[in-house]
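Notes follow once the structure below has been shown.
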């Protein structure tokens, strides 16, 4: 049995098992020595991205321990976990950052994990990313910042938090 066999949509079993939250299937596939833990689907999504999105802390750790890539072109596991408000999301993000996930990784449209967290994630996630050095001033292809993402979702508390971080990151004008 080839654990990397793809279905009609190009999905590998490990990705499907993580997406459908089938822990027994995930465990079997993770235990198989020939499982390609970085096998991406047609959208460029990898198993560790799905585990991060679903907040599957143990499986995320196991994938990372097996050598799953933290950084990649385009969407990253940090983007995925930042956009999901799950029970273990902040812990997963912290683990990814400890393993040198690029804090300001740009998606294909130049959106960063902080932008996604500002619109979809928790306040704790945004604070973690800010504390880790995320650049609140970056803009995506549409010219939007993390503050704009928070405004689009009508999250006033998040807008205020990001504006404070933005003001703190601007250089002092100095005085005589």
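In our numbering, the protein residues as written are 9 to 184. Idealized CB from N, CA, C, for every residue including glycine.
Check: Please name the residue, chosen from 49, 87, 76, that lies closest to residue 61 on a Cα-to-Cα basis.; Outcome: 87
Check: To the nearest angstrom, how far is the alpha carbon of residue 75 from that of residue 177?; Outcome: 35 angstroms
Check: Considering only residues of the segment 115-167, which uninterrupted alpha helix (DSSP H) runs meet the minimum length of 4 residues and lie entirely inside it, listed in chain order?; Outcome: 121-128, 131-139, 154-160
Check: Residue 69 by DSSP, collapsed to three states: which one?; Outcome: helix
Check: Whole angstroms are fine: how far does the CA of residue 154 sit from the CA of residue 270?; Outcome: Residue 270 lies beyond the range of the chain shown here (9 to 184); nothing can be said about it.
Check: Could you tell me how far apart the beta carbons of residue 101 and residue 90 are, in whole angstroms, since I believe they sit closer than 8 angstroms?; Outcome: 6 angstroms
Check: Note the first and the last residue of the continuous alpha helix (DSSP H) segment covering residue 32.; Outcome: 31-39
Check: Whole angstroms are fine: how far does the CA of residue 168 sit from the CA of residue 131?; Outcome: 11 angstroms
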